[in-house]
Amino acid sequence: MKDISEITSSLIPTLEGLEKGRLLYRRRQKTYLLILFIPLIALFAGSFLIEARIAGFIATGIWFVVGVILYQVRAASLGKTYVTDYKKAVIPGLLQSIDKDLKYEPGAGISTGAFEGTELFTTSPDRYRTEDLIHGTYGKTFLQLAEINAEERRTRRDSNGKTETYYVTIFKGLMLIADFHKDFHGRTFVLPDKAEKALGNVGRFFQKMGGRRETNLIRLEDPEFERAFAVYSTDEVEARYILSTAMLRRILDLRERFGKEVRLGFKDSCLTLAVPHSESYLEPKTALPATDTSQIGGMLFELKYFLETIEELDLNTRIWSKE
Amino acid sequence: MRSTLMLLIGGGAFLSLILIFIYNSLVSKRNMVRSAFSSIDVNLRKRHDLIPNLVETVKGYATHEKETFTRLIEARRQIDSGSLSESDRLRVEERIGPAMHRLMAVAEDYPDLRSSGHFMNLQRTLTEVEEQISAARRAYNAAVFEINNAVESFPSNLVANAFGFQRHDFFEAGADARSSVNVRMDQ
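Those protein sequences? They're chains A and B, same order as listed. If you use the working numbering, the first sequence corresponds to residues -9 to 313, in order. If you use the working numbering, the second sequence corresponds to residues 23 to 209, in order.
Quick look at the structure:
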């Protein structure tokens, strides 16, 4: 298995090629920002000096729209191409250094159907974006990992009676779907506990209503886990089979690492982990030279940080009848 | 007079509703205990069914474990006879787990046995069944905790006493079984 310095040195010729694209993008970016803003400021200031002030404002608006379109077509698209090319060149090599059976597809992700099928979120998304799919076998575990941004469309009326549409985030972050090491047939969900934490014993009553179709609230033995999560399952014994006492501690460790809003689902013999993450991951910075190897180290760290979840949850241990 | 009567009827209806609610809740809790117990039973039977397979696989290697074989076969015979009470059967089942683990441990000294597909499959199945037994016990104890709370708390204890709902004992693993649970904790 290659180490980071070997990977970096083998990538240098490719990165040098990519650097040309990045420099072109940076030049175009500067040029088109100047093309956009200098006339824009001139038109806006000029509007105050002429009598037909409204016409001046309209001209400013038109130039703004034209300028943004020009910027998007001539400069921003180059930036997107650079980012995609960089990821395609760098990430597969990094994944190979972690496990040779892992593949990367920058434009692919986890489908809307699969996202809804996890049942971790009750709202169906109206706007859905997914990218940076990593899939394959890590150790003995088949997995899919992708970035997701799922949003719900809502409308509201302002004071003038106009209807405005806006989007509310259902989930933004990383979703990992992995083959679980034990066979099971039911559905079990581990969701952040909000009701009991906020309302104490009264909250427990509301917790019972917060489950998924055909599930019951399950009370587990670990008080720390109970304070952090609410568990719902279609089968009480199976939920405990999946959530062994050791697994409860591992999930608490994950919460420590990924934050309080982390949620897990166990369904169709697979585990789904949803980690809210406000920033995009695996994105190269266009301000840094493509040949800057510290970025590659950062990406490798990000990949390992999420993929280590498989080991943290002990999914590569296959001592049960499931191979 | 009429308002007092209405008050009494209203109060009586309210109390009856509370009574029905508590009674149904106790029945539901008792059924959960029964259901959890039957899960333990199902999984113990699964383990029990592995015994002939295990004996057949290991007997050529573990001649020095004659006493363990005898204990295991005798325990299975006792359970199959159907003459044991439920609690006696559970006590006998408790002895089976450690004996099976002892026979599985024989493979440590025999690499050819350890690497045989049949033995590995048996080992995986036993590990799985043991974890299912452990999960069923935890579910049973959780159900017992719920009903014991209800039987001892006011006012549900009044309904429990009137209708014969009783406390249940927690399922406690014996010393041998506890040691095998500790091994599984690391997995």
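The beta-carbon is built from N, C-alpha and C at its ideal position, and this holds for glycine as well. Just so it is clear, the structure is predicted and the values come from calculations on it, not from any experiment.
CB contact check: residue i to chain B, cutoff 8 Å
| i | result |
| --- | --- |
| A:Tyr231 | yes |
| A:Tyr295 | no |
| A:Glu226 | yes |
| A:Glu393 | The structure shown does not extend to residue 393 of chain A, since chain A is modelled only from -9 through 313, so no value can be given for it. |
| A:Ser234 | yes |
C-alpha distance - residue i paired with residue j, whole-angstrom precision
| i | j | result |
| --- | --- | --- |
| A:Leu263 | A:Leu24 | 45 Å |
| B:Asp110 | A:Tyr231 | 26 Å |
| B:Phe91 | A:Ser223 | 40 Å |
| A:Glu142 | A:Glu204 | 25 Å |
| A:Phe105 | A:Phe248 | 19 Å |
| B:Pro177 | B:Asn183 | 10 Å |
| A:Asp342 | A:Ala98 | Because chain A in this structure spans residues -9 to 313, residue 342 of chain A falls outside the shown range and cannot be described. |
| A:Phe34 | A:Ser149 | 29 Å |
| A:Thr(-2) | A:Gly11 | 19 Å |
| B:Ser175 | B:Glu108 | 29 Å |
| A:Phe296 | A:Thr102 | 21 Å |
| B:Glu130 | A:Thr283 | 48 Å |
| B:Glu29 | B:Asn179 | First, the residue type needs correcting, since residue 29 of chain B is Leu and not Glu in the sequence shown. Going by the C-alpha atoms only, they are around 26 Å apart. |
| A:Thr50 | A:Leu30 | 6 Å |
| A:Arg64 | A:Tyr157 | 29 Å |
| A:Arg18 | A:Ser268 | 29 Å |
| B:Met133 | B:Gly139 | It should be pointed out that residue 133 of chain B corresponds to Pro in this sequence rather than to Met. Straight-line Cα distance between these residues: approximately 12 Å. |
| B:Val205 | A:Arg16 | Because B:Val205 sits at a pLDDT of 34, beneath the cut-off of 50, its placement in the model cannot be relied upon, and the point is left open. |
| B:Glu194 | B:Arg159 | 9 Å |
| B:Arg117 | B:Phe167 | 25 Å |
| A:Gly200 | A:Phe111 | 11 Å |
Beta-carbon proximity check, residue i vs residue j, cutoff 8 Å
| i | j | result |
| --- | --- | --- |
| A:Gly46 | A:Gly57 | no |
| B:Ile62 | B:Ile155 | yes |
| B:Asn170 | B:Arg189 | yes |
| A:Glu137 | A:Leu164 | yes |
| A:Ile167 | A:Cys260 | yes |
| A:Arg253 | A:Val180 | yes |
| A:Thr178 | A:Ala229 | yes |
| A:Gln134 | A:Ile100 | yes |
| A:Pro274 | A:Tyr76 | yes |
| A:Leu68 | A:Glu95 | no |
| A:Gly151 | A:Asn306 | no |
| A:Thr281 | A:Ile2 | yes |
| A:Leu272 | A:Leu85 | no |
| A:Leu8 | A:Tyr72 | yes |
| A:Arg202 | A:Glu109 | yes |
| A:Glu226 | B:Ala35 | no |
| A:Lys172 | A:Pro266 | no |
| A:Asp91 | A:Thr127 | yes |
| A:Ala220 | A:Leu207 | yes |
| A:Lys93 | A:His125 | yes |
Proximal residues to residue i (C-beta, below 8 Å), its chain only, five neighbours per side dropped
| i | result |
| --- | --- |
| A:Ile(-6) | Ser87, Ile286, Gly287, Leu290 |
| B:Met122 | Arg69, Leu72, Ile73, Leu76, Leu94, Leu148 |
| A:Leu60 | Tyr22, Ile25, Leu26 |
| A:Glu154 | Thr145, Arg146, Arg147, Asp148 |
| B:Phe185 | Tyr45, Leu48 |
Chain A contact for residue i (CB, 8 Å cutoff)
| i | result |
| --- | --- |
| B:Glu152 | no |
| B:Arg56 | no |
| B:Ser61 | yes |
| B:Ala129 | no |
| B:Arg200 | Its pLDDT being 45, under 50, B:Arg200 is placed unreliably by the model, and nothing is read from it. |
| B:Arg52 | no |
| B:Arg160 | yes |
| B:Ala182 | no |
| B:Ala84 | no |
| B:Ala157 | yes |
| B:Phe192 | no |
Close Cβ partners of residue i (< 7 Å) along its chain, the five nearest in sequence each way excluded
| i | result |
| --- | --- |
| B:Val80 | Leu125, Val128 |
| A:Leu238 | Leu210, Asp212, Phe215 |
| A:Leu14 | Leu68 |
| A:Phe170 | Phe256, Ser259, Cys260, Leu261, Leu305 |
| B:Arg52 | Ile169, Phe187 |
Beta-carbon contacts of residue i that lie in its chain and below 6 Å, excluding the five residues immediately before and after
| i | result |
| --- | --- |
| A:Ala66 | none |
| B:Ala165 | Met54, Val55, Ala58 |
| B:Asp198 | Confidence in B:Asp198 is poor, its pLDDT being 49 and thus under 50, which makes the residue's placement unreliable; the coordinate value appears in the next sentence. Only Pro120 meet the Cβ criterion. |
| A:Thr113 | Glu142, Ile160 |
Listed by chain order, chain E residues near residue i by CB distance under 9 Å
| i | result |
| --- | --- |
| B:Ala164 | The chain inventory of the structure shown lacks chain E, comprising the protein chains A and B. |
Mind listing, in chain order, the continuous alpha helix (DSSP H) runs of no fewer than 4 residues lying wholly within the stretch 229 to 311 of chain A?
The stretch 229 to 311 of chain A contains these whole alpha helix (DSSP H) runs: 235 to 248, 283 to 302.
Would you list, in sequence order, the uninterrupted alpha helix (DSSP H) runs of no fewer than 4 residues that lie entirely inside the stretch -4 to 64 of chain A?
Uninterrupted alpha helix (DSSP H) stretches at least 4 residues long and entirely within the stretch -4 to 64 of chain A occur at 43 to 61, given in chain order.
Which residue spans inside the stretch 72 to 104 of chain A form an unbroken beta strand (DSSP E) run of at least 3?
Within the stretch 72 to 104 of chain A, the complete beta strand (DSSP E) runs of at least 3 residues are 92 to 95.
Complete alpha helix (DSSP H) runs within the stretch 139 to 194 of chain A (minimum length 4 residues, chain order)
Complete alpha helix (DSSP H) runs here, min 4: 185 to 189.
If we require 4 or more residues per run, which alpha helix (DSSP H) segments fall completely within the stretch 78 to 160 of chain B?
Qualifying alpha helix (DSSP H) stretches, in chain order: 88 to 103, 108 to 127, 133 to 136.
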